[in-house]
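In the working numbering, the protein residues as written are 253 to 395.
Beta carbons: idealized from backbone N, C-alpha and C, even for Gly.
Computed from a predicted model, the values in this text were never measured in an experiment.
Everything on this sheet refers to the single structure shown next.
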(Lines of atoms letter the chains of each structure in order from A; the text may use other names.)
(Lines give C-alpha, C1' and ligand atoms only; values in the text may rest on other atoms or scores of the structure.)
Protein backbone atom coordinates (compact mmCIF):
# COMPACT_ATOMS: atom_id res chain seq x y z
CA UNK A 253 0.00 0.00 0.00
CA UNK A 254 1.36 3.39 -1.03
CA UNK A 255 2.17 5.85 1.75
CA UNK A 256 1.41 9.33 0.42
CA UNK A 257 2.80 11.77 -0.65
CA UNK A 258 4.82 10.10 -3.39
CA UNK A 259 6.99 10.86 -6.41
CA UNK A 260 6.96 9.45 -9.93
CA UNK A 261 10.35 8.71 -11.47
CA UNK A 262 10.24 8.11 -15.22
CA UNK A 263 12.82 5.70 -16.64
CA UNK A 264 15.66 7.56 -18.34
CA UNK A 265 14.42 10.99 -17.22
CA UNK A 266 15.62 13.29 -14.43
CA UNK A 267 12.19 14.83 -13.96
CA UNK A 268 10.34 13.89 -10.75
CA UNK A 269 6.60 14.39 -10.35
CA UNK A 270 5.27 15.14 -6.85
CA UNK A 271 1.87 13.68 -5.97
CA UNK A 272 0.21 14.69 -2.70
CA UNK A 273 -2.37 11.92 -2.44
CA UNK A 274 -4.22 9.11 -4.16
CA UNK A 275 -7.11 11.52 -4.75
CA UNK A 276 -4.77 13.88 -6.64
CA UNK A 277 -3.42 10.98 -8.71
CA UNK A 278 -6.94 9.78 -9.54
CA UNK A 279 -8.19 13.25 -10.49
CA UNK A 280 -5.35 14.01 -12.93
CA UNK A 281 -5.79 12.17 -16.25
CA UNK A 282 -2.17 12.92 -17.16
CA UNK A 283 -1.15 10.77 -14.19
CA UNK A 284 -3.77 8.07 -13.79
CA UNK A 285 -4.50 7.41 -17.47
CA UNK A 286 -0.93 7.58 -18.73
CA UNK A 287 0.80 4.69 -20.39
CA UNK A 288 3.71 3.99 -18.10
CA UNK A 289 6.87 2.22 -19.15
CA UNK A 290 7.87 -1.01 -17.41
CA UNK A 291 10.74 0.71 -15.58
CA UNK A 292 8.80 3.83 -14.43
CA UNK A 293 8.50 3.93 -10.64
CA UNK A 294 6.40 5.45 -7.91
CA UNK A 295 8.45 6.16 -4.78
CA UNK A 296 6.34 6.57 -1.66
CA UNK A 297 6.97 8.40 1.63
CA UNK A 298 8.68 5.34 3.12
CA UNK A 299 10.96 4.84 0.11
CA UNK A 300 9.03 1.81 -1.15
CA UNK A 301 9.12 1.29 -4.91
CA UNK A 302 6.05 0.55 -7.00
CA UNK A 303 5.54 -0.09 -10.69
CA UNK A 304 2.36 0.83 -12.49
CA UNK A 305 -0.35 -1.64 -13.37
CA UNK A 306 -1.41 -1.78 -16.99
CA UNK A 307 -5.04 -1.40 -15.91
CA UNK A 308 -6.77 1.95 -15.89
CA UNK A 309 -6.70 3.50 -12.47
CA UNK A 310 -10.38 4.18 -11.94
CA UNK A 311 -13.41 2.32 -13.17
CA UNK A 312 -16.90 3.55 -12.42
CA UNK A 313 -19.62 1.02 -11.83
CA UNK A 314 -23.15 2.30 -12.21
CA UNK A 315 -25.88 0.12 -10.78
CA UNK A 316 -29.29 1.11 -12.07
CA UNK A 317 -32.82 -0.04 -11.31
CA UNK A 318 -32.90 -2.18 -14.44
CA UNK A 319 -29.55 -3.78 -13.58
CA UNK A 320 -30.84 -4.64 -10.10
CA UNK A 321 -34.02 -6.11 -11.57
CA UNK A 322 -32.03 -8.22 -14.07
CA UNK A 323 -29.77 -9.48 -11.30
CA UNK A 324 -32.78 -10.23 -9.12
CA UNK A 325 -34.23 -12.47 -11.81
CA UNK A 326 -31.08 -14.59 -12.02
CA UNK A 327 -30.10 -14.57 -8.34
CA UNK A 328 -32.84 -14.81 -5.71
CA UNK A 329 -30.55 -13.49 -2.99
CA UNK A 330 -30.28 -10.03 -4.58
CA UNK A 331 -32.89 -7.57 -3.43
CA UNK A 332 -35.42 -6.06 -5.83
CA UNK A 333 -35.21 -2.73 -4.03
CA UNK A 334 -35.11 0.21 -6.46
CA UNK A 335 -31.55 1.35 -5.82
CA UNK A 336 -29.50 3.63 -8.02
CA UNK A 337 -25.92 3.92 -6.93
CA UNK A 338 -22.63 5.06 -8.38
CA UNK A 339 -19.51 3.73 -6.75
CA UNK A 340 -15.86 3.80 -7.60
CA UNK A 341 -13.83 0.66 -7.78
CA UNK A 342 -10.09 1.00 -7.32
CA UNK A 343 -8.23 -1.69 -9.24
CA UNK A 344 -4.69 -2.08 -8.01
CA UNK A 345 -2.96 0.71 -9.92
CA UNK A 346 0.39 0.25 -8.20
CA UNK A 347 2.36 -2.97 -7.93
CA UNK A 348 4.54 -3.22 -4.82
CA UNK A 349 7.99 -4.37 -5.91
CA UNK A 350 9.08 -5.28 -2.35
CA UNK A 351 12.08 -3.01 -2.89
CA UNK A 352 12.99 0.38 -1.53
CA UNK A 353 15.29 3.23 -2.42
CA UNK A 354 17.82 4.48 0.11
CA UNK A 355 17.70 8.10 1.24
CA UNK A 356 21.13 8.85 -0.25
CA UNK A 357 20.14 7.44 -3.67
CA UNK A 358 16.82 9.30 -3.49
CA UNK A 359 18.60 12.58 -2.71
CA UNK A 360 20.79 12.02 -5.76
CA UNK A 361 17.68 11.71 -7.93
CA UNK A 362 16.39 14.98 -6.45
CA UNK A 363 19.71 16.73 -7.15
CA UNK A 364 19.47 15.73 -10.83
CA UNK A 365 15.87 16.91 -10.89
CA UNK A 366 16.89 20.20 -9.26
CA UNK A 367 19.49 20.84 -11.97
CA UNK A 368 16.83 20.19 -14.62
CA UNK A 369 14.60 22.77 -12.88
CA UNK A 370 17.47 25.31 -12.62
CA UNK A 371 17.32 25.13 -8.83
CA UNK A 372 20.22 26.98 -7.20
CA UNK A 373 22.76 25.02 -5.15
CA UNK A 374 21.45 21.56 -6.00
CA UNK A 375 24.72 19.98 -4.82
CA UNK A 376 23.95 21.16 -1.28
CA UNK A 377 20.61 19.34 -1.09
CA UNK A 378 20.53 16.74 1.65
CA UNK A 379 18.01 14.88 3.80
CA UNK A 380 17.78 12.27 6.54
CA UNK A 381 14.41 10.72 5.71
CA UNK A 382 12.36 9.79 2.68
CA UNK A 383 9.69 12.27 3.79
CA UNK A 384 12.25 15.09 3.72
CA UNK A 385 13.35 14.07 0.22
CA UNK A 386 9.76 14.12 -1.02
CA UNK A 387 9.25 17.53 0.61
CA UNK A 388 12.26 18.78 -1.38
CA UNK A 389 10.64 17.60 -4.62
CA UNK A 390 7.45 19.44 -3.67
CA UNK A 391 9.42 22.62 -2.98
CA UNK A 392 11.46 22.42 -6.20
CA UNK A 393 8.35 21.78 -8.30
CA UNK A 394 6.53 24.74 -6.75
CA UNK A 395 9.17 27.27 -7.87
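Among the candidates 346, 394 and 254, whose CA atom is the shortest distance from the CA of residue 371?
394
What residues in its chain sit with their C-beta under 6 Å from that of residue 296, if we drop five residues either side in the sequence?
254, 255 and 258
Rounded straight-line distance, which links the Cα of residue 367 to that of residue 281
27 Å
Between the Cα of residue 264 and those of 389, 348 and 291, spot the shortest distance and give me the residue it belongs to.
291
Can you check DSSP and say which residues form a bridge with residue 304?
Its beta-bridge partners are 346.
On a CA-only basis, which of 278, 354, 365 and 299 is nearest residue 374? Give me that one, please.
It is 365.
To the nearest angstrom, how far is it from the Cα of residue 380 to the Cα of residue 260?
20 Å
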